[in-house]
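Protein chains in written order, with this note's numbering: chain A, 56 to 201; chain B, 56 to 201; chain C, 56 to 201.
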Amino acid sequence: MTTVTAQVPATAELYFEVQQFYARQMQLLDSGRVAEWADTFTEDGVFAANAHPEPAVGRAGITSAAQAATDAYAAKGIQRRHWLGMVSVEPRGEDAAFGRCYALVIETPKGGQAIVKVSTVCEDLLVRGADGAWLVKDRQVYRDDL
Amino acid sequence: MTTVTAQVPATAELYFEVQQFYARQMQLLDSGRVAEWADTFTEDGVFAANAHPEPAVGRAGITSAAQAATDAYAAKGIQRRHWLGMVSVEPRGEDAAFGRCYALVIETPKGGQAIVKVSTVCEDLLVRGADGAWLVKDRQVYRDDL
Amino acid sequence: MTTVTAQVPATAELYFEVQQFYARQMQLLDSGRVAEWADTFTEDGVFAANAHPEPAVGRAGITSAAQAATDAYAAKGIQRRHWLGMVSVEPRGEDAAFGRCYALVIETPKGGQAIVKVSTVCEDLLVRGADGAWLVKDRQVYRDDL
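What follows is the structure, given as structure tokens:
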């Protein structure tokens, strides 16, 4: 088993796990499944963005901020899609990882034209939950236009 | 060998295979190699989209629909690029998988400005062909603007 | 060890390594760290583009071309983000690989709207350096609008 680990570094598997985590996480948010999306953060998770005066802290705070945004988009008839790309991942011990990626928000109004709404950089401290699944403990989002 | 499989879940390998399949499939379509692209569907493959009144069924039907679109773009001097992202993949038994991803169509006219033409969600039932390569058995594309 | 290699083809690991290489390489360029970015090419590396009359050859040439572009963007207050996607990778022997991908440049002016500046195709001959890290030996970039 040591040989296997040497041949296939943990980071390849880690990269795969983080990519699948991000795909699922963004599909939840863009589908308006806010409570399930908030469960992809730790109970004490932090969501900070240079577009917001204060970070959202804890699942309850993260949920209420995201629900308000989701409701506002639904009222306007706009479908959001969060795209993450150029993802780099580094292990931080056995059950944590640091991820850095680019993130675009693509918006499409019903009957209208898709646009790149914003371009951002996203930095995540990820940790494994009790069931082994990844969670965001700290997310920092930096909009390129600010 | 059992140990190796336990250490490296099939899903990491599956994710890689599907990503390479999608890269090759989209490069074929965007290069206008329609017949080779149609060969990435099963003989009885289905291509359905909420933008089309009827699904294209079978390689012949899929080829003729794609050839017409390809010819129309060529006549207008527009280069299309299909981008798939936020890909999640789940095995469906040993030789099938369900994929869900976002898909953008980026269009660039000769001498003109690139735009995000449409934002979509793509759901695929993938199966392995006789040679082990992945094929699309059923594709459903949902445009965000419709 | 032969068994392990048979179970986990080099290409899955290769795909991961190339993706991480691209993520780091583009983050360096978009952060304005031009010298570190140029070090991701071989000493005799080539960067050719159909948008440029002549290829940049060698790290010194590649650095000076990239520094000029970086300075011009900084002066205009525009943040660039290079996105690579639909990456296909093929091994070329043990220590080289051929990569083909799509590349977008997303530009955001301070206080302004993000746009897709250009859509391109990028073809790379990659080789392993002495420390095992990947380097670009030859890059060809084809803009879709030209």
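Note that CB positions come from ideal geometry on N, CA and C, so glycine has one too.
Just how far apart, CA to CA, sit residue i and residue j?
| i | j | result |
| --- | --- | --- |
| I133 (chain C) | P164 (chain C) | 4 Å |
| F102 (chain C) | G100 (chain A) | 43 Å |
| A115 (chain C) | G148 (chain A) | 38 Å |
| N105 (chain C) | Y197 (chain C) | 5 Å |
| R183 (chain A) | E145 (chain A) | 14 Å |
| M56 (chain A) | V73 (chain B) | Note on M56 (chain A): pLDDT 29, under 50, position unreliable in the model; the coordinate value appears next. M56 (chain A) and V73 (chain B): Cα-Cα distance of roughly 27 Å. |
| R79 (chain C) | A188 (chain C) | 12 Å |
| P108 (chain C) | A121 (chain C) | 15 Å |
| A152 (chain A) | A127 (chain B) | 47 Å |
| T58 (chain B) | E68 (chain B) | Confidence is the limiting factor: at T58 (chain B) the pLDDT is only 34, short of 50, which leaves the residue's position unreliable, though a coordinate-based value still follows. Approximately 15 Å, taken between the alpha carbons. |
| Q195 (chain A) | E98 (chain B) | 47 Å |
| S143 (chain B) | V112 (chain B) | 25 Å |
| Y77 (chain C) | T125 (chain B) | 30 Å |
| T175 (chain A) | E162 (chain C) | 11 Å |
| P110 (chain A) | K131 (chain A) | 25 Å |
| D150 (chain B) | D150 (chain C) | 32 Å |
Find out if the Cβ-Cβ distance for the pair residue i, residue j is shorter than 8 Å.
| i | j | result |
| --- | --- | --- |
| T118 (chain B) | V160 (chain B) | no |
| T95 (chain B) | L190 (chain B) | yes |
| W92 (chain C) | M141 (chain A) | no |
| Q75 (chain B) | Y70 (chain C) | yes |
| D200 (chain A) | G166 (chain C) | yes |
| R135 (chain B) | D193 (chain B) | no |
| A129 (chain C) | G87 (chain C) | yes |
Identify every residue that forms a DSSP beta bridge with residue i.
| i | result |
| --- | --- |
| Y157 (chain B) | B:G140, B:V176 |
| R232 (chain B) | Nothing can be reported for residue 232 (chain B), as the shown portion of chain B is limited to 56 through 201. |
| F96 (chain A) | A:V191 |
| V164 (chain B) | Reading off the sequence, residue 164 (chain B) comes out as Pro, not Val. DSSP output for P164 (chain B) lists B:I133 as bridge partner(s). |
| E203 (chain A) | Here chain A comprises residues numbered 56 to 201, so residue 203 (chain A) is not present and cannot be evaluated. |
| L201 (chain A) | According to DSSP, L201 (chain A) bridges with nothing at all. |
| R114 (chain C) | Answer by DSSP bridge pairing: none, since R114 (chain C) is not bridged. |
| F22 (chain A) | Residue 22 (chain A) falls outside the range modelled here, since chain A spans only 56 to 201, and no answer is possible. |
| R88 (chain B) | In the DSSP output, where bridge partners are listed per residue, R88 (chain B) has none listed. |
| V171 (chain B) | B:I161 |
| L69 (chain C) | According to DSSP, which records beta bridges pairwise, L69 (chain C) is partnered with nothing at all. |
Within 7 Å: the Cβ of residue i and any heavy atom of the ligand ZN?
| i | result |
| --- | --- |
| A130 (chain C) | Although the ligand ZN was asked about, the structure shown includes no ligands whatsoever. |
To be precise: take each residue of the region 111 to 124 of chain B, compare its Cβ to all Cβ atoms of chain A, and keep it if any distance is under 9 Å. Which residues remain?
Within the region 111 to 124 of chain B, no residue has a Cβ that lies closer than 9 Å to any Cβ of chain A.
Taking a cut of 7 Å between CB atoms, which residues from the region 174 to 199 of chain B lie near chain C?
Listed in sequence order: no entries.
Inter-stretch contact (C-beta, 8 Å, three-pair minimum) for the region 167 to 183 of chain C and the region 171 to 178 of chain A:
Contact holds: three or more Cβ-Cβ distances are below 8 Å.
Below 8 Å, can you find three or more Cβ-Cβ pairs linking the region 178 to 188 of chain B to the region 141 to 159 of chain B?
Judged by Cβ distances under 8 Å, the region 178 to 188 of chain B makes contact with the region 141 to 159 of chain B, as three or more pairs qualify.
Quick one: which residues of the region 125 to 147 of chain B get their C-beta closer than 7 Å to a C-beta of chain A? List them in chain order.
So the close ones are G140, M141, V142, S143.
Check distances from the C-beta atoms of the region 160 to 174 of chain C to those of chain A and list, in chain order, the residues that come in under 9 Å.
From the region 160 to 174 of chain C, only I161, E162, T163, P164, K165, G166, G167, Q168, A169, I170, V171 have a Cβ closer than 9 Å to chain A.
If contact means a Cβ-Cβ distance below 8 Å, which residues of the region 67 to 82 of chain B contact chain A?
Listed in sequence order: A67, Y70, F71.
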